[in-house]
Every structure is written in C-alpha cells, then in structure tokens.
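Counting from 47, one number per residue, gives the positions in the sequence shown under this note's numbering.
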Amino acid sequence: MTTPHDIDVLVAGAGPTGSTLAADLLRRGLRVRVVNKAPHAFEGSRAKGVQPRTQEVLEDFGVLHEALAEGGPYPLAGLHLGPVTAPWKMQQRSKPTPDVPYPNILLLPQHRTDAVLHRLVERLGLAIEYGVALEAFEQDADGVTTTLSTGERVRSTYLVGADGGASAVRIATGLGFVGETDDSDKTLIIDCAIDGLSRDRWHMWPRASAGACPLPHSDQFQVMIRLKPGDTPDVDHAALAGKFHELTGLKLRDITWTSVFRPNVRLVEHYRQGRVFLAGDAAHVHTPAGAQGLNTGVQDAYNLAWKLGQAIAGAPDSLLDSYEAERLPIAAGVLGKSSELYANLSQGRVGGLKRGDEERQLGLTYHGGPLAPADAPATKTLQVGDRAPDAPCTARGTRRLFDIYRGPHFTLLAFGPAATAALPQLPWPAQGAELRRYAVRSGRGIDSGHITDDTGQLADIYGVECDALVLIRPDGYVGAIVTTDWTASFATATATFTPR
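Right, dumping it as structure tokens:
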C-alpha cells in the first residue's frame, strides 16, 4: 500500500536555484513547497553577474524586463596604479544579433535576482516558507517523507536539495563532495557606500588586492579585500572601514552586508539518489571568478524541472537519470574554468580579469548525452543537444522564435512540404507538457499554426537545407531532428521524454 503524497516536489532552499526550480514546476501545474532555513531572503550582492544564457531563462519566465530594469552593464575596470588610474576593458561588449538577443553579462546583485524570482513564485501562487529547515528524510519506492524543523512530516514524490554548499540534503544522502577548500586564502566582501569614488569604473587596486564594483541604481559598491595568509578577518564595521582606508585612502560607510569568502571548489559525486536530487551550490561550488556559480545553478534547475514534470506525468524514470548525465559534465567544465581564472588573479595576471564567450554559457551543449545521441541527424548548424537559437520570424503576436518558445511546452518546427504534411499526424501524449506545432514557410502572411520566415534568416540560423522536423525542449535545447520516415522516427526520438 502506498502512502498518499502531500505534494509533488519539496524544494529545500529559496536562492536562485531553488526559486527557478519552483517557478518552473509551478507553471507546469505541479504541487510544490519551498522551505528555507534562513529567516528571510538573502540580503547581499554576492553573485552579481547574470550571464546571457541565464537571461534567456529569465525571458522564458517572462521576468527578464524586471532584471534588466534593476541591473545594468558592467563598467570598464579602473586599475589604480599609484597616482594613475588606467581604464581597462574586462570584456568585449557585443551587439545583439538575430540568434543571440542578449550577448552581454548583466550586473545584478544577487539579492535582486532573488527578489525577481521570488516575486514570480508568489505570482504563481506559492509562499516561500522561511525559517523552516530540513531535519531528515526517508525515501522508498514511491516517494520521500521529510521531517521539517517545525515537526511537520511532508510526503512528496521527489525532494530537491538546492540548499547551498553546506546542503543538509546532500549531507543526509552521504554522497561525496569532492574537491578542496583553501582556509589560508580569505577575501572580505562588503556591500557599502564609498565617499569620493566615481561610479563609472570597477575600481581595482592590484597592489592592495582590493576592488570596488559599483552596484546599479544605488550608492553602493561591492568591495572585495583579499587578506594576506595568516590574517584573521575582522568583520566589525569600524575595522572594515579602517582596513579599506589603509589600503586605498578612501572612506567606506553604511555597510549593509559582509561575508568572508574562501576558495571552495567541489563537485558532488552524483546529482541523484533515488527520488532525491541536488542542484546549484548543493552539487557544485565555485570560485567567484567568471560569474559562473549562480548561472550554473539556475540552469541546473531549468534542466531538472521539465524532466520532473514529465516523469510525474508518466515518462520513463531514465529521463531523470539524464539530469546528472547532462549537468554534471557542465559543472565540471565550469569549475575548471572558474578555477583557472581565479588562479590567474591569485598570481597577479591581468588575464585573470578577461571575460569571453566561454563564460556566457551560450555554447554549452548536451550533444552526445543520453537525450542527444552523437549519431542523431543534424542540420548544417545544429545538432541535437545544442541551444536552440533565436531567429526573426512572423507569427501571430510575435516577430521572433523566443516568443514562440516561451512557456513550459515543447515546440515542433516543420521545414519543407513533406515535413509540414506529416506535422498534424505525429503522435503526442495528452499527459505532460504540451506540444505546439508550427510549419515554417517563406514569403509573407500570417496564418494560425504557421511561422513565416520572411527574411530567410530562420532557415539560415537553423541550418535547414531540406525537409526536416526540429523539436525544441522546454529548456530551449534541440530535442530531436527528423529528416525522413516522419512518424516512426519522431516517435523513436521522443520516447525517452514523453509519458507512456
């Protein structure tokens, strides 16, 4: 006899990862609770860089405009070398293109990213439960029973630990957290105002191992002071002000948040244990270099949410195994890149400040993974598992593909007369995420169920040169490409992630 489930998914942790997961699950109509050990939302600027790929996730949720309104572009660096302040470009600012509408990193303090996502979760009808910790859990073949610090026992189909580097969920699983923490290397992080310092530069004092980045739409800076080996951090506000004045000759005031950072580079050995999953810092922790940690966590959640929804609707359990198979290699690669950047900074190399295409996370692919076989059909520009790019087009109410992709559904594009003829006949289950079907045609005019590629850029960007079906997953990656034997090939390609 199975125990009834109170909810579908219990999420531990209400940071960017947990909030992203909750929002995506809620828009799928699932029963969700989010508990957070801290008594209130995070209040600091800590992870302040939102990468282009994460901006695309926020656009899918319909909240990117809020993030853009509360954030801003990264300023030029200003290197203070004695009496001289030398301007220096950390990263190239790129212009939007038809396939990449958001090419540049967004400067947005973490507490504002949290606030954008928390407002979304609230609009979707859920109140985050602050001051509630996960004490223990037991899982069986049918679900997970979790004991909360309130004494309540919650029965859920799945449990997700998005509760940070000291994750109670991960610790309870006993999974190894492989890596190292350098206790001898400490950096003070301070949110504060600074008298007499311009706000058009990310100020850096290389000889003092200090920096101050202006936070948008405020008088605050995020200050970072790297301590010498053996120094004991003193987070008393007067001591911090004195330390900064000693290093730079400037006065800081009105401190609102402080933290002591230590390089902590770790990766969990598995992302899944039965019905329990780990995401974000609970699964991987990074150095701050390159603004990768928050972004990787958000994309963990974006990958996992639709798979949980499909599994609850009846898709094969193996779909949930693909979460680790797709995301763990990504995290391992990102850890290596952020560690490389941090090592360069540690050795005083200016190259450690440089940011490029790799950090934008637009080129990350799941090609070769369990949902994207290496021998799957491809177009001239895309393989199964690649990010599905934006492109100009005309359809009812929109002029771009990303508007068509927005939402928790799958999207199927048919190119050419044979694929278009097959489009209505393709099987799709009534359970789980909806499939929206569109025939892509050239020329002009707007009809229901059609996308007009009136500029020819859509076909060029997607590299389609013959009849083809291109399926886009709910997380914006190419889920299948079919070029022949339409019905049978489509059924085979989608069997791994559709309910039976």
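Every residue, glycine too, gets a C-beta built ideally from N, C-alpha and C.
Per-residue burial, residue i [other beta carbons within 10 Å of its own, 16 or more giving buried]
i    : result
A132 : exposed
C512 : exposed
R382 : Just to set this straight, residue 382 is Gly in the shown sequence, not Arg. Classification for G382: exposed.
R442 : exposed
P142 : exposed
Q266 : buried
D363 : exposed
D531 : exposed
H291 : exposed
G326 : buried
I507 : buried
V167 : buried
V306 : exposed
G343 : buried
D241 : exposed
E315 : exposed
Inter-residue Cα distance where the pair is residue i and residue j
i    : j    : result
F536 : T304 : 53 Å
S230 : G276 : 7 Å
Y120 : D188 : 48 Å
R433 : R482 : 18 Å
Y523 : L67  : 17 Å
A420 : V430 : 8 Å
H51  : A287 : 53 Å
G95  : Q338 : 8 Å
M379 : T533 : One point to set straight first is that residue 379 is Gly, not Met, in the sequence displayed. Approximately 37 Å, taken between the alpha carbons.
V215 : S195 : 13 Å
P129 : G509 : 54 Å
D521 : Y348 : 6 Å
V269 : G90  : 12 Å
A58  : T193 : 12 Å
R247 : G171 : 40 Å
A239 : Q138 : 28 Å
L391 : T457 : Note that L391 scores a pLDDT of 47, beneath 50, so its modelled location is shaky and nothing firm can be said.
For residue i, the residue or residues it bridges with in DSSP
i    : result
G124 : P133, H249
T440 : T498
A460 : A485, L515
A256 : W251, I271
S266 : It is worth fixing the name first, because residue 266 is Gln in this sequence and not Ser. According to DSSP, Q266 bridges with A239.
L324 : G207
P119 : L152
H330 : L313
I450 : According to DSSP, I450 bridges with nothing at all.
A58  : V81, G207
Y523 : R433
Heavy atom of the ligand FMN within 6 Å of residue i beta-carbon
i    : result
C238 : Among the components modelled here there is no ligand, and therefore nothing to report on the ligand FMN.
Sequence-distant residues of its chain with Cβ nearer than 6 Å to residue i (five each side left out)
i    : result
R79  : I53, L56
G117 : L152, L153, L154, P262
R318 : E370
G478 : Q356, A359, P545
K83  : A179
G211 : D327, V331
L104 : L110, A113
L340 : P62, A93
L125 : A132, W134, M250
S488 : D499
L293 : A254, A256
Beta-carbon proximity list for residue i, same chain, < 7 Å, skipping 5 on both sides
i    : result
Q185 : G320, R321, V322
R245 : P260
G462 : C512, D513, A514
A218 : A182, F183
Chain B within 7 Å of residue i, Cβ atoms only
i   : result
T63 : Of the protein chains in the structure, only one exists, and it is not chain B.
Close Cβ partners of residue i (< 8 Å) along its chain, the five nearest in sequence each way excluded
i    : result
H164 : A60, S65, A87, I174
W352 : D70, R74, P454, A479, R519, P520, D521
Continuous beta strand (DSSP E) assignments of at least 3 residues falling wholly in the stretch 194-247: 199-207, 223-227, 233-240
Entirely enclosed alpha helix (DSSP H) segments - the stretch 153-197, minimum 4 residues: 156-169
Inside the stretch 271-320 only - alpha helix (DSSP H) runs reaching at least 4 residues: 283-294
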